[in-house]
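Notes for the one structure printed next.
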Amino acid sequence: MKWATYISPATRAQRAGLIVDDRIFGLEQGVSLLGLLGDDGSALAAAGEKATRDPREVVAVEDVELCAPIPQPPSIRDSASFEAHLRAGFAAFRVPFDFDNWYQHPMVYFTNPHGLTGSGATIPAAAGSQWLDYELEVAAVVGRAGADVDVTEAEELIAGYCIFNDWSARDIQGHEVKFQVGPFKTKDWAMTTGPFLVTKDELEPFRKGNSFDLEMKAFVNGRQYSKGNLSDMYWSFAELVAYSSRGTWVKPGDLIASGTVGTGCILELSATNNPDEYPWLTAGDEVVLEVEGLGRLVNSLVEPPPVREWRRKSTSVTP
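Each residue of the sequence shown is one higher than the last, beginning at 2 in our numbering.
Following this line, the structure appears as structure tokens:
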């Protein structure tokens, strides 16, 4: 099944619906995809049957405003599960990276659920940044809760998958990476996900190695920039879920992203090619991420908000 959260043309409120071909079969107002998670997928399956049998409205996908499939996830974790991206990225920043350590456990960090939007949204550029970038990723959506989950059982907690764009401000990242914590303002200004939540059974025919044989592409203003494959993940989604649950909980609706596929951002492309051929993003640029089986995630950048003073005026302090 493929699910969307969208703005109903009739009520102008968020509504969840099942995707059938190019149409959305809407559920009752007030029923959310997050509310249908929490079990083994039975509630989502029952809702799908009801949507096709007795939809509250049927609308064309192209005629509605899409939201993030899970508009307000309890948490968002992102990772770095593609070796090619890590090698190119840290080389671009001229920062050493301990790959022996990375091979021992996943590299995962929390990011900002309040910065999440869906396909079609306009994204204000990061205030104060001149090096704006996209990141081509896929996110797993946690379907039911678990703590200290064994890796052999972790995949049972996943409800489905969606495309994930982890927008990045690389000039800010150049400063933050030196702290060896975070990232913080590098990333938390914007993330987009969607266009749909695709249940995991839909991807079973594509299973390969640690992941799925899904071609991934990115386009900027209609020109193809990136091409990779989800099967290149070193750490699997099951491993990411299991590691994320170590000593704590993962909850229904949590997003756990793959990290950037190799060549899946301008940082890599400009470092390994002529930088003039891959300029940083600016307001007015359109970015399209495509992942086989998951759809197309389309967003445009707009002008950033003004830079506000964030630190107090300096005062004389005697240590």
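Beta carbons: idealized from backbone N, C-alpha and C, even for Gly.
Quick one: residues in its chain with C-beta nearer than 7 Å to the C-beta of residue i, no 5 flanking neighbours on either side, listed in chain order?
i	result
A11	E58
L67	A5, Y7, G119, S120, G121, G195 and P196
M108	S80 and A81
G49	M2 and L19
V318	Its pLDDT being 48, under 50, V318 is placed unreliably in this model, and the coordinates cannot settle the point.
CB-CB under 8 Å to residue i, same chain, minus the five flanking residues each way: which ones, in chain order?
i	result
A258	I77, R78, D79, S80, E138, V139, A140, A141, F165 and D167
W250	A146, G147 and A148
F83	G229, D233, M234, Y235, S259, G260, T261, V262, G263 and G265
By Cβ distance below 6 Å, which residues in the same chain neighbour residue i in space, the five residues on each side in sequence not counted?
i	result
G210	S232
E269	A89
K3	I20, F197 and V199
L35	I71 and G254
V152	A239, E240 and A243
I need the boundaries of the alpha helix (DSSP H) containing residue i, first residue and last residue.
i	result
T153	V152 to A155
L270	I267 to T273
A239	F238 to S245
Where does the unbroken beta strand (DSSP E) through residue i begin, and where does it stop?
i	result
V292	E287 to V292
W4	K3 to I8
A284	Careful: A284 lies outside any beta strand (DSSP E) and carries neither H nor E.
A258	L256 to A258
Let me check one thing: in DSSP terms, what residues is residue i bridge-paired to?
i	result
M217	G229 and V292
V303	P125
R208	F213
For a cutoff of 8 Å on Cβ pairs, would you count residue i as touching chain D?
i	result
E157	In the displayed structure, chain D is absent; only one protein chain is listed.
Item to complete: Ignoring anything shorter than 4 residues or poking outside the stretch 162-193, list the alpha helix (DSSP H) runs there in chain order.
Response: You should have 171-177.
Practice prompt. Specify whether the stretch 198-208 and the stretch 287-303 touch according to this definition: at least 3 beta carbon pairs, one from each stretch, less than 8 Å apart.
Written response: yes
Worksheet entry | Unbroken stretches of the beta strand (DSSP E), 3 residues or longer, contained in the stretch 18-93 | As far as the stretch 18-93 is concerned, its whole beta strand (DSSP E) runs of at least 3 residues are 24-27, 58-61 and 77-80.
Worksheet item: Considering only residues of the stretch 87-149, which uninterrupted beta strand (DSSP E) runs meet the minimum length of 3 residues and lie entirely inside it, listed in chain order?
Response: 109-112, 123-125 and 137-143
Worksheet item: Are the stretch 233-247 and the stretch 49-57 in contact at 8 Å, needing three or more beta carbon pairs?
Response: no
Discussion item. With three or more C-beta pairs closer than 8 Å as the rule, is the stretch 270-287 touching the stretch 110-119?
Written reply: no
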